[in-house]
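Here is the structure we will look at.
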Amino acid sequence: METVEKERILVIEDEAHIADGIRLNLSIQGFDVKIAQDGIAGLESWRAWNPDLIILDIMLPMIDGFSVLKTIRKEDEKIPVLILSARGDTKDKIKGLKYGVDDYLSKPFDLEEFLLRVDRLLKKKTWFHHDNKDKNLEYKIFKGNAYNFGNNHIDFITFKASCAAGEIVLTEQEIVLLKLFIGNKGKPLSRELLLTAGWGYSKDTTTRTVDNFIVRFRKYFEEKPKNPVYFISRRSVGYVFDHE
Ligand code: CA
Numbered sequence: 030m031e032t033v034e035k036e037r038i039l040v041i042e043d044e045a046h047i048a049d050g051i052r053l054n055l056s057i058q059g060f061d062v063k064i065a066q067d068g069i070a071g072l073e074s075w076r077a078w079n080p081d082l083i084i085l086d087i088m089l090p091m092i093d094g095f096s097v098l099k100t101i102r103k104e105d106e107k108i109p110v111l112i113l114s115a116r117g118d119t120k121d122k123i124k125g126l127k128y129g130v131d132d133y134l135s136k137p138f139d140l141e142e143f144l145l146r147v148d149r150l151l152k153k154k155t156w157f158h159h160d161n162k163d164k165n166l167e168y169k170i171f172k173g174n175a176y177n178f179g180n181n182h183i184d185f186i187t188f189k190a191s192c193a194a195g196e197i198v199l200t201e202q203e204i205v206l207l208k209l210f211i212g213n214k215g216k217p218l219s220r221e222l223l224l225t226a227g228w229g230y231s232k233d234t235t236t237r238t239v240d241n242f243i244v245r246f247r248k249y250f251e252e253k254p255k256n257p258v259y260f261i262s263r264r265s266v267g268y269v270f271d272h273e
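Start counting the sequence shown at 30; every next residue gets the next number (my numbering).
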């Protein structure tokens, strides 16, 4: 990196004590933080300030968080958005994911977990950004609502899959990795890329983690997990997802 510039985090949150707490903690971590107290101010700051990450509350004055998110996603598909909400129910979570939220945390939240998630979202962003720029490679994330390959069907809205292993519900992490594999069908992906996409890079995870995940995908989606045809190993490179 040529210059060390503080990363910008926009916090759209109307509860002052929560907003202040977040600002304090993120500032300690070295981030540049701006608070917007309602949906309209949030959208204005997003346009004017060009943040690297947005922390978004759902229940907001003027325009609610979902509408803010929808507006942002129309113009920017990439900026990471972490929803922070008092509502913890699955419906809201699914709605948020449908509108293109990257992560979701219910209040009250654990500070350490919050900071880890912020870090992970920012690293993921940087990773993809650098990869596109430096290696001139483009990784795509599958954006559709559903996908079929072989006898497998994945529903990205409900996270349900009907597959060789039967009817299953996928985890968020599995969904992220599947979107990456599908978006780059036929193109080998390195363990490092998969690791960063699924876990954010951290010292606690190793590329072995990726291998274990692939074992799981094969159990789900392959007719013969020991003789995979969809999730194929590429020696010394990583994995490639492919099908007819
Ligand atoms: Ca609120």
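Just so it is clear, CB atoms sit at the ideal spot from N, CA and C, and this is done for glycine as well.
Fill in: C-alpha distance - Pro-217 paired with Arg-237, whole-angstrom precision
Within the sequence shown, residue 217 is the residue found at index 188, counting from 1. Within the sequence shown, residue 237 is the residue found at index 208, counting from 1. Spanning the two alpha carbons is a distance of roughly 17 Å.
Item to complete: Excluding the 5 residues preceding and the 5 following Pro-13 in the sequence, name in chain order all residues of the same chain whose CB lies nearer than 7 Å to its CB.
Response: This structure leaves residue 13 out entirely; the chain is present only between 30 and 273.
Worksheet item: Just the Cα atoms here: how many angstroms apart are Asp-139 and Asp-148?
Response: Numbered from 1 along the sequence shown, position 110 holds the residue referred to as residue 139. Numbered from 1 along the sequence shown, position 119 holds the residue referred to as residue 148. Looking at the two C-alpha atoms, the distance is approximately 14 Å.
Discussion item. What I want to know is whether the C-beta of Glu-44 ends up closer than 8 Å to one or more non-hydrogen atoms of ligand 1.
Written reply: Working through the sequence shown from its first residue, we reach residue 44 at position 15. Glu-44 Cβ: within cutoff of ligand 1.
Worksheet item: In chain order, which beta strand (DSSP E) runs of at least 3 residues are fully inside the region 61-146?
Response: The region 61-146 contains these whole beta strand (DSSP E) runs: 61-65, 82-86, 110-114, 132-135.
Practice prompt. Keeping to the same chain, check which residues put their C-beta closer than 7 Å to that of Ile-211; ignore five residues upstream and five downstream.
Written response: Stepping through the sequence shown from its first residue, residue 211 is reached at position 182. Closer than 7 Å at the Cβ level, and outside the excluded window around Ile-211, lie Phe-171, Tyr-176, Phe-270.
Practice prompt. List the whole-angstrom C-beta distance separating Gly-71 from Ala-65, where the pair is believed to meet the contact cut-off of C-beta under 8 Å.
Written response: The sequence position of residue 71 within the sequence shown is 42, counting from 1. The sequence position of residue 65 within the sequence shown is 36, counting from 1. About 4 Å; that satisfies the 8 Å criterion.
Discussion item. Which residue wins for smallest C-alpha separation from Ser-135, given the options Ile-47, Ser-265, Arg-264?
Written reply: Taking the sequence shown and counting its residues from 1, the one referred to as residue 135 is at position 106. When only C-alpha atoms are compared, the closest one is Ile-47.
Practice prompt. Just confirm the distance between the C-beta atoms of Ile-84 and Ile-51, as a whole number of angstroms; I'd bet it's less than 8 Å.
Written response: Working through the sequence shown from its first residue, we reach residue 84 at position 55. Working through the sequence shown from its first residue, we reach residue 51 at position 22. Taking C-beta atoms under 8 Å as the contact rule, Ile-84 and Ile-51 qualify, at a distance of about 7 Å.
Discussion item. Rounded to the nearest angstrom, what separates Leu-224 and Leu-206 at their Cα positions?
Written reply: Locating residue 224 in the sequence shown gives position 195, where the first residue counts as 1. Locating residue 206 in the sequence shown gives position 177, where the first residue counts as 1. Their Cα atoms are separated by approximately 9 Å.
Discussion item. One question on the structure: do Asp-86 and Ser-56 come within less than 9 Å of each other, judged by their Cβ atoms?
Written reply: Looking up residue 86 in the sequence shown gives position 57. Looking up residue 56 in the sequence shown gives position 27. No; because the gap between Cβ atoms is not below 9 Å, this pair is not in contact.
Item to complete: Return the CA-CA distance between Asp-81 and Tyr-133, expressed in angstroms with no decimal places.
Response: Position 52 of the sequence shown, counted from the first residue, corresponds to residue 81. Position 104 of the sequence shown, counted from the first residue, corresponds to residue 133. One C-alpha to the other measures close to 17 Å.
Worksheet item: Grouping DSSP H, G and I as helix and E and B as strand, with all else coil, what is Tyr-268?
Response: Here residue 268 is taken as the residue at index 239 of the sequence shown, counted from 1. Note: Tyr-268 maps to strand in three-state DSSP.
Worksheet item: Beta carbon of Ile-204: closer than 8 Å to some heavy atom of ligand 1?
Response: Here residue 204 is taken as the residue at index 175 of the sequence shown, counted from 1. No, since every heavy atom of ligand 1 falls outside the 8 Å radius drawn around the Cβ of Ile-204.
Worksheet item: Buried or exposed: which applies to Tyr-268, given that a residue is buried once 16 or more other Cβ atoms fall within 10 Å of its Cβ?
Response: Here residue 268 is taken as the residue at index 239 of the sequence shown, counted from 1. The residue in question, Tyr-268, is buried, as its Cβ has 16 or more Cβ neighbours within 10 Å.
Worksheet entry | Ile-87 CB to nearest heavy atom of ligand 1 below 8 Å | To locate residue 87, count along the sequence shown from 1; it is residue 58. Yes, since a heavy atom of ligand 1 falls inside the 8 Å radius drawn around the Cβ of Ile-87.
Worksheet item: The beta strand (DSSP E) with Phe-178 in it runs from where to where?
Response: Against the sequence shown, residue 178 aligns to sequence position 149. Run containing Phe-178: 175-178, per the beta strand (DSSP E) assignment.
Item to complete: Return the residue from the list Lys-152, Gly-215, Phe-60, Thr-235 that minimises the CA-CA distance to Ser-262.
Response: Here the question's residue 262 lines up with position 233 in the sequence shown. The shortest C-alpha separation from Ser-262 is found at Gly-215.
Worksheet item: Can we count Ala-115 as close to ligand 1, meaning its CB is less than 8 Å from some heavy atom?
Response: Residue numbering aside, residue 115 sits at position 86 when the sequence shown is read from its first letter. Yes.
Practice prompt. Evaluate Asn-174 with the Cβ neighbour count: other Cβ atoms within 10 Å of its Cβ, from every protein chain shown; 16 or more gives buried, anything less gives exposed.
Written response: As a first step, residue 174 must be located in the sequence shown, where it is residue number 145. Burial call: exposed.
Item to complete: Can you grab the Cα-Cα spacing for the pair Lys-162 / Lys-107, in whole Å?
Response: As a working note, residue 162 is residue 133 in the sequence shown. As a working note, residue 107 is residue 78 in the sequence shown. A caution first: Lys-162 carries a pLDDT of 38, below 50, which makes its placement in the model too unreliable to give a value.
Worksheet entry | Own chain, CB closer than 7 Å to Asp-67, minus 5 neighbours either side, in chain order | Taking the sequence shown and counting its residues from 1, the one referred to as residue 67 is at position 38. Answer for Asp-67: Asp-43, Leu-89, Pro-90, Met-91, listed in chain order.
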